[in-house]
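Trainee: In the working numbering, the protein residues as written are 2 to 552. Provided herewith is a single structure, encoded as structure tokens, for subsequent inquiry.
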């Protein structure tokens with residue numbers, strides 16, 4: 002049987018839809034191994050940086066994922082397994098992690114640019130490279146957007162505030178191949194954090210040699226992962242912009258295969274350019290929030306629900322700054338009325354965390370059903386509306402429109418909620434579809450009353466979902482001053498982590514500033530002669546390390 006599948010580094014639910022099969026006999030031998038292909042790919046923009054402790058845009062994330070590797074990684078089931086660490090141990094109190102590193106993970110820099118890995122161009126990745134990476138990450142002068150994620154490390158708070166030198170950080174090289182990380186408190190999220198690019202190693206000597214240009218051009222990056230950057234050319238006024246990667250054979254081993262020979266990225270101006278490259282057979286796959294028009298019989302199309310679409314209210318709006326009015330809208334949202342109405346792109350949402358977030362390979366939503374957060378209540382909705390009118394000193398609530406990013410979601414299903422609000426509250430809440438650019442500008446300028454906001458974390462974790470409320474200006478008022486991430490970080494076990502997620506969701510929903518309505522899929526579309534292209538819908542990265550092509 003021929004298998005066509007794209008594996009996702011998310012929940013088991015994603016794995017279940019990851020295999021696309023076609024009828025036929027066993028012709029594995031005819032197809033060959035699928036290895037050795039030169040992958041054509043496309044980036045929606047020029048990578049901002051290839052510095053894993055700093056970069057965050059999807060184009061950068063894709064290249065970084067193929068350029069570096071870390072202590073641990075997530076396998077195809079979502080479980081955390083060793084990568085550059087041979088093994089690790091955790092102290093009885095859960096605060097000290099000791100990693101024994103492999104001695105066959107190498108840095109490679111093609112000094113003479115002859116595309117050959119000479120002995121004097123590679124050298125082992127050591128524990129000191131991880132120490133330096135974490136010190137950079139927490140150094141307040143660097144302003145890394147990921148520093149707060151690692152506040153569980155001993156002395157990280159004082160270091161990030163400038164009170165301690167970075168040498169005081171609880172990260173130590175016991176010898177060249179033994180790394181010890183000490184935490185302030187037990188943290189069930191810590192191993193998951195170590196799978197993110199922010200925890201990838203950085204060689205201090207090479208970093209210094211780049212003279213401030215680390216990660217900014219093809220001679221300022223060095224690989225310890227499956228591929229190395231051979232050429233990176235970008236001219237904002239030109240058309241032939243490329244980033245070309247070759248297989249880094251120094252890091253290939255029996256349990257860490259690198260199957261493609263090359264990955265050649267064209268650098269486009271936008272997502273439309275990526276889709277055009279796919280259409281013209283210059284790219285094997287593309288990722289998108291909407292995939293209308295692509296025939297699933299012709300392409301492998303995999304969707305993972307990694308985004309929660311919820312209503313947010315402008316805290317400066319003359320009406321919807323009133324919490325009782327927001328509560329009325331929340332209580333009058335009849336999600337049950339949408340059963341059987343939605344297509345596969347959307348799922349009714351009661352909670353904040355989307356199904357693609359996993360804990361040790363299981364969808365968090367399987368571990369904690371979001372139906373416990375169902376707040377639909379006609380009587381409460383009417384009571385809150387009456388209170389709102391009294392507080393606002395008005396006899397009726399004027400009509401309003403919800404702004405929607407049409408590049409993210411088809412708003413037609415939102416009309417079903419509009420009908421519910423009109424029937425229960427007597428308020429006409431319409432819909433205004435905007436382009437992504439218009440939507441983002443309106444949000445940034447505060448030019449809205451209500452918006453259907455796409456909430457998506459920057460890595461696969463409930464912790465990262467809640468971080469968005471503290472970091473994103475338009476979500477801060479929805480957080481209501483809660484400090485959800487502090488209690489989550491201090492969960493010592495998975496069971497307590499699940500309980501903490503549930504408590505944080507409940508507390509946030511009771512602020513009535515973010516009203517979940519839908520879970521939305523993110524997609525990867527590939528030509529059917531491809532297999533095992535790995536897509537992370539949170540970072541937006543596409544991993545080609547084990548990708549196979551049978552064309």
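Positions of the beta carbon are idealized from the N, C-alpha and C atoms, including for glycine.
Quick check on residue 403: does DSSP put it in helix, strand or coil?
Mentor: strand
Trainee: Under three-state DSSP, which class holds residue 26?
Mentor: Summary for residue 26: the model assigns pLDDT 35, below 50, so the residue's position carries little reliability; its value from the coordinates is reported in the next sentence. Reduced to three states, the DSSP call for residue 26 is coil.
Trainee: Are there three or more Cβ pairs, one per stretch, closer than 8 Å when the segment 473 to 483 is compared with the segment 134 to 143?
Mentor: no
Trainee: In the DSSP assignment, find the beta strand (DSSP E) that holds residue 528 and state where it starts and stops.
Mentor: 515 to 528
Trainee: Taking 8 Å as the cut-off, decide whether the C-beta atoms of residue 224 and residue 69 are in contact.
Mentor: yes
Trainee: Between residue 301 and residue 527, is the Cβ-Cβ spacing less than 8 Å?
Mentor: Yes, the Cβ-Cβ distance between residue 301 and residue 527 is below 8 Å.
Trainee: Less than 7 Å between C-beta atoms, sequence neighbours within five positions excluded: which residues of the same chain meet that for residue 435?
Mentor: 404, 405, 406, 407, 443
Trainee: What do you get for residue 427, buried or exposed, if any count of 16 or more other CB atoms within 10 angstroms of its CB means buried?
Mentor: So residue 427 ends up on the exposed side.
Trainee: In the DSSP output, what is residue 53 paired with across the bridge?
Mentor: According to DSSP, residue 53 bridges with nothing at all.
Trainee: Would the segment 242 to 261 and the segment 486 to 502 be scored as touching if the rule is three or more Cβ pairs under 8 Å?
Mentor: no
Trainee: Quick one: residues in its chain with C-beta nearer than 6 Å to the C-beta of residue 336, no 5 flanking neighbours on either side, listed in chain order?
Mentor: Within the same chain, residue 336 has close Cβ partners 349.
Trainee: Applying the 10 Å Cβ sphere with the 16-neighbour rule, what's the burial state of residue 166?
Mentor: exposed
Trainee: Could you tell me which residues DSSP puts in a beta bridge with residue 554?
Mentor: What is shown of the chain runs 2 to 552, which leaves residue 554 out entirely.
Trainee: Counting only the same chain and skipping the five closest in sequence on each side, list residues whose C-beta sits under 6 Å from that of residue 226.
Mentor: 68, 69, 70
Trainee: From residue 316 to residue 352, what does the alpha carbon distance come to, in whole angstroms?
Mentor: 22 Å
Trainee: What residue range is occupied by the uninterrupted alpha helix (DSSP H) comprising residue 59?
Mentor: Per DSSP, residue 59 is one residue of the alpha helix (DSSP H) stretching across 59 to 68.
Trainee: Using alpha carbons as the reference points, say which of 367, 59, 179, 136 lies closest to residue 47.
Mentor: Sorting 367, 59, 179, 136 by C-alpha distance to the C-alpha of residue 47 places 59 at the top.
Trainee: Count the C-beta pairs between the segment 364 to 383 and the segment 528 to 547 that are closer than 8 Å, then say yes if the count reaches three, no if not.
Mentor: no
Trainee: Please work out which residues of its chain come closer than 6 Å, Cβ to Cβ, to residue 423, disregarding the five sequence neighbours upstream and downstream, and give them in chain order.
Mentor: Correct list, in chain order: 429.
Trainee: Taking 6 Å as the limit between beta carbons, can you name the residues of its chain near residue 354, skipping five residues before and five after?
Mentor: 365, 463, 466
Trainee: Taking only three categories from DSSP, how would you classify residue 31?
Mentor: Residue placement at residue 31 cannot be trusted, given a pLDDT of 40 that sits under 50; what the coordinates show is reported in the next sentence. Residue 31 falls in the helix class under three-state DSSP.
Trainee: Quick check on the burial criterion: 16 or more other C-beta atoms within 10 angstroms. Buried or exposed for residue 216?
Mentor: buried
Trainee: Give me the Cα-Cα distance between residue 77 and residue 357, rounded to the nearest whole angstrom.
Mentor: Distance between the alpha carbons of residue 77 and residue 357 is about 13 Å.
Trainee: Tell me which residue opens and which closes the beta strand (DSSP E) that residue 99 is part of.
Mentor: Run containing residue 99: 97 to 102, per the beta strand (DSSP E) assignment.
Trainee: Which residue's Cα is closest to the Cα of residue 56: 128, 129, 146?
Mentor: 146
Trainee: For residue 51 versus residue 222, is the C-beta spacing smaller than 8 Å?
Mentor: yes
Trainee: Along the alpha helix (DSSP H) that carries residue 192, what are the first and last residues, could you check?
Mentor: 191 to 195
Trainee: Out of curiosity, what's the CA-to-CA distance linking residue 133 and residue 61?
Mentor: 21 Å
Trainee: Opposite residue 462 in the DSSP bridges: which residues?
Mentor: Note: residue 462 sits in no beta bridge, so no partner.
Trainee: Rounded to the nearest angstrom, how far is the Cβ of residue 187 from that of residue 95, given a contact under 8 Å?
Mentor: 3 Å
Trainee: How about residue 392 and residue 325: are their beta carbons less than 8 Å apart?
Mentor: yes
Trainee: Should the segment 198 to 215 be regarded as contacting the segment 500 to 513, the criterion being three or more beta carbon pairs within less than 8 Å?
Mentor: No, they do not touch.
Trainee: Would you kindly work out how many angstroms separate the C-alpha atoms of residue 80 and residue 493, rounded to a whole number?
Mentor: Straight across, the Cα-Cα distance linking residue 80 with residue 493 is about 18 Å.
Trainee: From residue 308 to residue 515, what distance separates their C-alpha atoms?
Mentor: 14 Å
Trainee: Three or more beta-carbon pairs under 8 Å between the segment 168 to 181 and the segment 123 to 132, yes or no?
Mentor: yes
Trainee: Give me the Cα-Cα distance between residue 102 and residue 207, rounded to the nearest whole angstrom.
Mentor: 20 Å
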